[in-house]
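Going by the numbering used here, the sequence shown opens with residue 5, and the numbers climb by one from there.
Where is the CB? At the ideal position from N, CA and C, for every residue including glycine.
The structure presented is a predicted model; accordingly, all values stated were derived computationally and were not measured.
Quick notes on the structure that follows.
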Amino acid sequence: GNCILSKHKHMNTRGVRRDMTMTNAEKARYKMKMMCEKHGIEYPNKSSSQPPEKKQKAADDTWRSKCISKFDLKPVPDDDSFPAGSEDAWKRYYQKRVKVEKDDPRLVDNYDSDGNSIAKEEGEEELEDIIFSWTDYGMESRLEKLMAEGCKWQWTPQKPKLGWDSDCKLQSADYYAYVWSPYAIPVAIDLHHSWYGKVGWSYSTLNTDYNYLMLDFEDSDEGGKYVELCSFDDDVIKTSNLNKATVDKLRKFLYGSNTEQMKQQTVSDKNFLFLLFGSMGTTDEHFEDDEKDACLGWTWIPWQHDGMKEKLFELKAPEDDDENGVPPTSLEKYSPRRCSWLRYAILKAADSLGPVSKHYQPPPRKKSSPESDYGYGW
């Protein structure tokens with residue numbers, strides 16, 4: 005009898021012999037399993053999966069999830085198969101963006117802990133005026149509204165570098181900014197725009213250029229060279245890289261695709277370029293000047309060219325350069341819109357030239373008079 009009792013003492017309910025050398029933890033798990041079987045409850049097998057709450061906590065601790073939460077990134081629309089990105093890439097993205105956003109000039113506090121205004125160094129007020137006009141009036145109040153509803157133009161400006169001449173007139177300016185994808189894609193576009201202008205009694209100099217650098221954080225090396233998008237160098241205009249192929253490349257890089265559906269969910273090609281150049285400091289709707297009347301170069305003025313005003317009037321080209329605008333009815337009152345070299349290049353790259361701008365003419369090879377040409381736009 006003792007033998008039979010001893011035998012059953014070490015058998016489970018299914019008649020399977022157990023090891024008599026179980027640890028206390030194993031005995032506790034065994035007891036729980038027996039209780040679950042008795043009450044018809046599924047025993048939670050720890051070896052197969054973690055509890056849901058622990059799984060969620062692990063997911064929340066990834067660099068990708070930190071970036072999504074901190075920077076309000078959205079899923080790539082209509083593409084569940086889009087690569088999530090490696091943890092190393094998201095870590096580099098996080099560290100870079102946090103560092104960049106700490107230098108955002110919009111976050112500068114002009115008051116001390118007691119609420120008193122902090123004394124400004126020479127030139128600081130002019131710098132603040134430029135930053136406000138660029139980031140608040142130019143971008144936030146106007147250009148950022150060009151994005152589709154529910155999609156944000158995510159960008160971070162940096163403090164411009166300014167140079168002044170002996171008469172306290174702006175002589176040079178360098179604008180810097182980063183544009184980020186609104187979606188969970190670990191990439192950014194590093195932007196730089198430089199301007200230099202000087203006019204004297206017998207000479208004039210004007211140089212301006214726009215550059216970009218694509219940052220893919222899957223690449224551990226952030227090195228790379230800026231690519232010139234376009235430039236104006238004393239009437240020598242270079243726009244070979246400002247074309248549809250470049251627009252398509254930048255859009256696909258930033259948004260994951262460049263389909264017509266994606267454009268409807270984000271922004272049109274024309275408005276994409278308006279925002280891109282605006283992020284580089286050029287927020288003038290005519291693309292003729294930067295802040296502090298910093299002229300960007302040649303501007304074509306139709307009525308100053310023989311017969312052009314009459315030609316445009318005969319073509320019934322709306323003076324606001326809008327295909328859907330009102331056709332002119334009076335030649336005397338007709339004032340067709342002027343067009344700078346930069347506006348023309350942007351509209352052409354976006355395949356959006358209007359009834360006036362498509363007749364744009366480049367500057368003459370040689371300037372007849374620096375003073376008069378500067379008055380017309382350069």
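| query | result |
| --- | --- |
| From the DSSP output, read off the bridge partner residues of residue 197. | 179, 214 |
| Using the C-alpha atoms, what's the distance from residue 324 back to residue 332? | 10 Å |
| From 195, 71, 367, 284, pick the residue whose C-alpha is nearest to that of residue 236; which is it? | 367 |
| I'd like to know if the segment 333 to 341 and the segment 224 to 244 are in contact, where contact means that at least 3 CB-CB pairs between them fall below 8 Å. | no |
| Should residue 283 go down as buried or exposed, given a rule of 16 or more other Cβ atoms within 10 Å for buried? | buried |
| Compare the C-alpha of residue 326 against each of 302, 357, 66, 305 and name the closest. | 357 |
| Which class does residue 297 belong to by DSSP, given the choice of helix, strand or coil? | helix |
| Thinking residue 264 and residue 137 are a contact (beta carbons under 8 Å), I'd like their distance in whole angstroms, please. | Actually they are not in contact, since the Cβ atoms of residue 264 and residue 137 sit about 35 Å apart, beyond 8 Å. |
| Can you tell me which residues form a DSSP beta bridge with residue 109? | Residue 109 is not bridged to any residue. |
| Here's the rule I'm using: 16 or more other beta-carbon atoms within 10 Å means buried, otherwise exposed. How should residue 188 be labelled? | buried |
| Rounded to the nearest angstrom, what separates residue 274 and residue 75 at their Cα positions? | 26 Å |
| Measure the C-alpha to C-alpha separation of residue 201 and residue 73 and round it to an integer number of angstroms. | 43 Å |
| Can you tell me where the beta strand (DSSP E) with residue 282 in it begins and where it stops? | Unbroken run through residue 282 is the alpha helix (DSSP H), 273 to 283; no beta strand (DSSP E). |
| Roughly how many angstroms separate the alpha carbons of residue 372 and residue 256, rounded to a whole number? | Low confidence applies here, because residue 372 scores a pLDDT of 43, under 50, leaving its location unreliable; read the following figure in that light. Cα to Cα, the separation comes out at about 44 Å. |
| For residue 180, collect the residues of the same chain with a Cβ closer than 6 Å to its Cβ; drop the 5 residues on either side in sequence, then sort them by chain order. | 162, 196 |
| On the premise that residue 199 lies in contact with residue 212, defined as a C-beta separation below 8 Å, what is that separation, rounded to the nearest angstrom? | 5 Å |
| Just the C-alpha distance for residue 292 and residue 300, rounded to the nearest angstrom, thanks. | 5 Å |
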